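K.L.:
Right, I'll just put the structure down here and ask away after.
Numbering (the numbering used here), first residue to last: 5 to 256.
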């Protein structure tokens with residue numbers, strides 16, 4: 005089986021786990037317009053700390069022992085470039101590269117379409133979070149394995165800022181910060197749960213966890229990695245790049 009396959013092939017990510025402990029497929033989503041970043045070609049292929057942005061997430065997922073296969077969802081215009089990028093990376097796992105849809109939910113569904121049902125868990129990860137480490141993929145998968153009643157497990161961290169509810173420019177409420185968490189990715193789910201959630205979705209959710217929550221299923225939050233930053237605006241690049249270079253020096 006070739007390492008990189010395009011959508012035209014039948015179920016390109018339908019592979020058996022390479023070892024008994026590998027029970028997770030990771031879908032890396034990089035199909036956004038990058039409008040807030042201000043780059044006309046999107047941000048997935050922008051160089052960050054010596055590599056294209058998307059490469060960092062792929063390499064981290066590839067290094068996680070529980071991961072059986074990878075799916076990369078990209079803008080249709082980037083398909084050839086992404087296939088070439090994947091072919092040039094030192095990845096041990098099979099990778100399916102597929103074009104995304106008009107919004108995040110449609111792009112996640114496109115990735116989900118090529119995930120093998122033989123691998124019981126699937127995690128979605130934002131390609132704009134290059135600081136993710138292998139242990140974060142392991143942490144969300146382990147949380148699901150530990151509690152069969154869960155509909156999902158997501159990476160996050162307790163909110164340290166004071167958050168205000170603002171209406172028409174005026175503060176209307178100040179929620180108790182002790183109950184607030186900042187939710188990140190990866191977000192992991194049993195494969196049949198997230199497929200059912202996408203099938204029944206009637207409105208666009210802000211993330212995959214919200215679709216599972218709408219089904220009435222509990223979603224756990226795992227405090228796995230506080231520096232799992234998302235590259236959204238141009239000014240984020242300096243911070244993210246410095247953190248990546250520091251991690252490289254420390255051998256993480």
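Beta carbons: idealized from backbone N, C-alpha and C, even for Gly. From a predicted model like this one, the values you see are computed outputs, not experimental measurements.
When you compare each of 79, 144, 112 to residue 1 by their alpha carbons, which one comes out closest?
P.N.:
Only positions 5 to 256 of the chain appear in this structure, which leaves residue 1 out of reach.
K.L.:
I think residue 71 touches residue 28, with their Cβ atoms under 8 Å apart; what is that distance to the nearest whole Å?
P.N.:
Yes, they are in contact, since the Cβ atoms of residue 71 and residue 28 sit about 5 Å apart, within 8 Å.
K.L.:
Got a sec? Which residues, its chain only, sit under 8 Å from residue 112 by beta carbon, not counting five neighbours each side?
P.N.:
Correct list, in chain order: 31, 33, 77, 128, 202, 212.
K.L.:
From this set, 194, 50, 154, which residue's C-alpha is nearest residue 121's C-alpha?
P.N.:
Nearest option by C-alpha distance: 194.
K.L.:
Look at the alpha carbon of residue 118 and the alpha carbon of residue 92, and state the distance between them as a whole number of angstroms.
P.N.:
Rounded to the nearest angstrom, the two C-alpha atoms are 22 Å apart.
K.L.:
Whole angstroms is fine: what's the gap from residue 234's alpha carbon to residue 107's?
P.N.:
Rounded to the nearest angstrom, the two C-alpha atoms are 18 Å apart.
K.L.:
Can you tell me whether residue 47 is buried or exposed? The criterion is at least 16 other CB atoms within 10 Å of its CB, across all chains shown.
P.N.:
Classification of residue 47: buried, given that the 10 Å Cβ count is 16 or more.
K.L.:
For residue 128, write down the residues that DSSP places opposite it in a beta bridge.
P.N.:
Paired residues: 31, 191.
K.L.:
Contact between the stretch 52 to 60 and the stretch 244 to 253 is defined here as three or more beta-carbon pairs at a separation below 8 Å; is this criterion met?
P.N.:
Judged by Cβ distances under 8 Å, the stretch 52 to 60 makes contact with the stretch 244 to 253, as three or more pairs qualify.
K.L.:
Give me, in chain order, the residues of the same chain whose beta-carbon lies closer than 8 Å to that of residue 151; leave out the 5 immediate sequence neighbours on both sides.
P.N.:
224.
K.L.:
So does the stretch 176 to 188 actually touch the stretch 92 to 104, counting three or more Cβ pairs closer than 8 Å?
P.N.:
No, the stretch 176 to 188 is not in contact with the stretch 92 to 104.
K.L.:
Identify whether residue 123 lies in helix, strand or coil by the three-state DSSP scheme.
P.N.:
Here residue 123 sits in coil by DSSP.
K.L.:
Between the Cα of residue 134 and those of 154, 25, 241, 35, spot the shortest distance and give me the residue it belongs to.
P.N.:
Here the closest residue by C-alpha is 241.
K.L.:
Please classify residue 232 as buried or exposed, where buried requires at least 16 other C-beta atoms within 10 Å of its C-beta.
P.N.:
Its Cβ being crowded by 16 or more others within 10 Å, residue 232 is buried.
K.L.:
Any idea what DSSP makes of residue 140, helix, strand or coil?
P.N.:
DSSP places residue 140 in helix when its eight states are reduced to three.
K.L.:
Do residue 197 and residue 226 count as a contact pair if the criterion is CB distance below 8 Å?
P.N.:
Their beta carbons are not under 8 Å apart, which means residue 226 does not touch residue 197 by this criterion.
K.L.:
Using the beta-carbon count (16 or more within 10 Å), is residue 165 buried or exposed?
P.N.:
Classification for residue 165: exposed.
K.L.:
To the nearest angstrom, how far is it from the Cα of residue 219 to the Cα of residue 236?
P.N.:
Rounded to the nearest angstrom, the two C-alpha atoms are 30 Å apart.
K.L.:
Looking at the structure shown, is residue 54 part of a helix, part of a strand, or coil, going by DSSP?
P.N.:
It is coil, neither helix nor strand.
K.L.:
Tell me whether residue 89 sits in a helix, a strand or coil according to DSSP, three-state version.
P.N.:
Residue 89: helix per DSSP, three-state reduction.
K.L.:
Run through DSSP, which three-state label would residue 105 get?
P.N.:
Correct three-state label for residue 105: coil.
K.L.:
In the DSSP assignment, find the unbroken beta strand (DSSP E) run with residue 177 in it and report its ends.
P.N.:
From DSSP, the beta strand (DSSP E) with residue 177 extends over 174 to 177.
K.L.:
Per DSSP, what kind of secondary structure is residue 19 in: helix, strand or coil?
P.N.:
Residue placement at residue 19 is flagged as unreliable, the pLDDT there being 46, under the threshold of 50; the coordinate-derived value follows with that caveat. The answer is coil: DSSP assigns residue 19 none of H, G, I, E or B.
K.L.:
Between the alpha carbons of residue 214 and residue 187, how many angstroms are there, rounded?
P.N.:
The straight-line gap from Cα to Cα measures roughly 11 Å.
K.L.:
Using 8 Å for Cβ pairs, my map puts residue 141 next to residue 190. What's the rounded Cβ distance?
P.N.:
The pair is a contact, with the Cβ atoms about 6 Å apart (cut-off 8 Å).
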